[in-house]
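Contents: one structure, followed by commentary.
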Amino acid sequence: MAVLVLASALSVTTLALDNGLMRTPPMGWLAWERFRCDTDCEHDPKNCISENLFIDMADRLSEDGWKELGYVYVNIDDCWSSMERDEQGRLQPDPKRFPGGIHKLTRYMHDRGLKLGIYGDMGKHTCGGYPGTPMEKIEIDAFTFADWEVDMLKYDGCWSNATEQEQGYPLMSKALNATGRPIGYSCSWPAYQGGLPPKVNYTQLGEICNLWRNYGDIQDSWDSVLNVIDWFSKNQDVLIPAAGPGQWNDPDMLIIGNFGLSMDQSRAQMALWAIMAAPLFMSTDLRTISSGARSILQNKIVISINQDPMGVQGRRILKEKNGIEVFWRPLSSNASALVIFSRRNDMPYRYQTSLSKLNYTTGSYKIYDVFTDKTMMLKDSTDFVVSVNPTGVVMWYVSAPAKRNFLQFYKGGKLQGSFYADDDENAIPIFL
Ligand SMILES: *[C@@H]1O[C@H](CO)[C@@H](O)[C@H](O)[C@H]1NC(C)=O
Ligand SMILES: *[C@@H]1O[C@H](CO)[C@@H](O)[C@H](O)[C@H]1NC(C)=O
Ligand SMILES: *[C@@H]1O[C@H](CO)[C@@H](O)[C@H](O)[C@H]1NC(C)=O
Ligand SMILES: *[C@@H]1O[C@H](CO)[C@@H](O)[C@H](O)[C@H]1NC(C)=O
Ligand SMILES: *[C@@H]1O[C@H](CO)[C@@H](O)[C@H](O)[C@H]1NC(C)=O
């Protein structure tokens, strides 16, 4: 019996993609949203997709405090390659824009404790029209990436159909494994199949990929962020069980630091990406980012919530008619995170609730407000009011319930009475 139990436990643990990577959501930088397919280095040398751009971002990550917080991947997206494969049929970078080759870039990253990610596509062409990696090229391209000491692959799905994807995505997983180099594997497959069962099999994705794009590309606007949040919340019962250490749903890049979001909206994206246990790939110009955007992206408590080792994706627990939504994520050590999010467009909204209305029912809790740095104690039954800015959030780290201070009085060895020291029947609502 004991042997049987052990055997089945083992077979369960070997189901996840077994490269040992990304036990917490990967963090870093990805070129696409901010820099797209800008190949015009002659007129736009600072922003074009070239080795200089990735070297600049690597310098910023390693010198401006990002790397220490976990932002270690520097990821190339589409439009990096030459239009032609080399004489041996291998992909090669555009020689003008990447004169040192990809291996020079991976060495540059590794020398600084960073990692390099690259991009491929399951079809004949990439989305930007560059050479793709269809079925017959999977093995040679996986081998080429490993040869360059690449650390991650985003495998896109333009120009391929469902039948090809069904074969190609698992085949690439096998091919990466066969190189012997641990390479994080991001699959765009579900995004091309509507993101939902029965077309998408999340059990299988967890077996072959480390992360996967479920939904369309994010754009530099609040509408786009809201659209992503809504899709992930609506489908959370399907998505949450798919996530865990080594396997993550990917709602796409952080656009904080760009042009489309206010500071409140930037905090909202950061907070909700942490609740969703999302990969944190910034797509912004780290050379010119504002100090406001930087402090949101470098908030240690939000990052630690995102990186919680238990790896349970959080959920929307309330959707109020007044436009307030509450999100919750269980964390290790019996802690949790709460996000109170306002979809309103009028003025700061005073939302009244209590911890017990949010299912916290075992006494008093220590609350840490992630964006204001304030700490307080709250009893489960105490009504309180939080002020939530339009399109903004209040985010709390909630510690494990404090042991209730249970006092007993004895006289002559006989119990005379008892009470909870934190009982306070006259508690008035507190305003935060
Ligand atoms: C390849 O897969 C095997 C078996 O799942 C695993 O033990 C090994 O670590 C993997 N290797 C790499 C490089 O991913
Ligand atoms: C998918 O593409 C392959 C290769 O081009 C083709 O043979 C096949 O008929 C296509 N399948 C569907 C369902 O379109
Ligand atoms: C989904 O994938 C898993 C693991 O590969 C497999 O066992 C299961 O049969 C698949 N489910 C469906 C509905 O195809
Ligand atoms: C978490 O709570 C459970 C149930 O209340 C308790 O048994 C467990 O010891 C707690 N774990 C930690 C790490 O505090
Ligand atoms: C509280 O828990 C109950 C029972 O599990 C559940 O039905 C309800 O939706 C939860 N409420 C919130 C706000 O999470």
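Heads up: the sequence shown runs through residues -16 to -1, 1 to 416, numbered per mature numbering (1 follows the signal peptide of the UniProt record, and there is no 0). Backbone N, C-alpha and C fix where the C-beta goes; we use that ideal spot for every residue, glycine too.
- For Asp221, the distance from the CB to the nearest heavy atom of ligand 1 is not below 6 angstroms.
- The segment 306 to 326 makes contact with the segment 367 to 383, as at least three CB pairs between them are under 8 angstroms.
- Met136 counts as buried, since no fewer than 16 other beta carbons sit within 10 angstroms of its beta carbon.
- For Arg313, the uninterrupted beta strand (DSSP E) run begins and ends at Ile308 to Pro314, by DSSP.
- Annotation for Asn185 indicates a beta carbon within 6 angstroms of some heavy atom of ligand 3.
- With 16 or more other Cβ atoms from the protein chains shown falling within 10 Å of its own Cβ, Met106 counts as buried.
- In this structure Phe243 is exposed. Its beta-carbon is surrounded by fewer than 16 other beta-carbon atoms within 10 angstroms.
- Here the distance from the Cβ of Asn31 to the nearest heavy atom of ligand 2 is not below 6 angstroms.
- Listed in chain order, the non-local C-beta contacts of Gly4 below 7 angstroms within the same chain comprise Pro166, local neighbours out to five positions each way being set aside.
- Shown here for Asn329: same chain residues with a beta carbon closer than 6 angstroms to its own, the five before and five after excluded, namely Pro374 in chain order.
- Taking one beta carbon from each stretch, the segment 26 to 39 and the segment 281 to 301 have fewer than 3 pairs nearer than 8 angstroms; the two do not touch.
- If the five residues before and after Thr117 are omitted, its C-beta is found closer than 7 angstroms to the C-beta atoms of Gly104, Asp105, Met106 and Asp125, all from its own chain and listed in chain order.
- Look at Gln188: its beta carbon is less than 6 angstroms from one of the heavy atoms in ligand 3.
- Gln249 is the residue among Gly230, Gln249 and Ile192 whose C-alpha sits nearest the C-alpha of Ile213.
- Residues whose Cβ lies closer than 5 angstroms to any heavy atom of ligand 2, listed in chain order: Asn145 and Thr147.
- When rounded, the separation of the alpha-carbon atoms in Thr345 and Val382 is 13 angstroms.
- Residue state for Asn329 is assigned as coil, using DSSP reduced to three classes.
- In the three-state scheme derived from DSSP, where H, G and I count as helix and E and B as strand, His27 is classed as coil.
- Environment of ligand 5, chain-ordered: Ile301, Leu302, Leu342 and Asn343, taking every residue with Cβ within less than 6 angstroms of a heavy atom.
- Taking 7 angstroms as the cut-off, the beta carbon of Pro235 is found closer than this to the beta carbon of Phe216.
- Within the DSSP bridge table, the entry for Met360 names Ile351 as partners.
- Assigned with DSSP and collapsed to three states, Gln220 falls in helix.
- Going down the chain, each residue whose beta-carbon is closer than 7 angstroms to a heavy atom of ligand 1 shows up: Thr(-3), Asp2, Asn3, Gly4, Leu160, Asn161, Thr163, Gly164, Arg165 and Pro166.
- By a beta-carbon distance limit of 8 angstroms, Lys108 contacts Trp143. Their separation comes to about 5 angstroms.
- In the DSSP assignment, Ile86 falls within the alpha helix (DSSP H) that extends over Gly85 to Asp95.
- Across the set Gly54, Gln76, Pro83 and Ser46, the C-alpha of Ser46 shows the shortest separation from the C-alpha of Asp95.
- With a beta-carbon spacing of about 13 angstroms, Asp357 and Val378 fall beyond the 8 angstroms limit used to define contacts.
- Of all C-beta pairs linking the segment 42 to 60 to the segment 270 to 281, three or more are shorter than 8 angstroms, placing the two stretches in contact.
- Spanning the alpha carbons of Met294 and Gly112 requires a straight line of approximately 38 angstroms.
- The criterion of a C-beta distance shorter than 7 angstroms is not satisfied by Val134 and Leu98.
- Between Asn233 and Asn211, the C-beta spacing is not below 7 angstroms.
- Proximity to Ile308 across Ser316, Gly298, Ser317 and Gln336 peaks at Gln336, based on C-alpha coordinates.
- Under the three-state reduction of DSSP, Gly190 is assigned to helix.
- In this structure, DSSP gives Ser34 a state outside helix and strand, which the three-state scheme calls coil.
- Around the beta carbon of Gly190, a 10 Å sphere encloses 16 or more other beta carbons of the protein chains shown; the residue is thus reported as buried.
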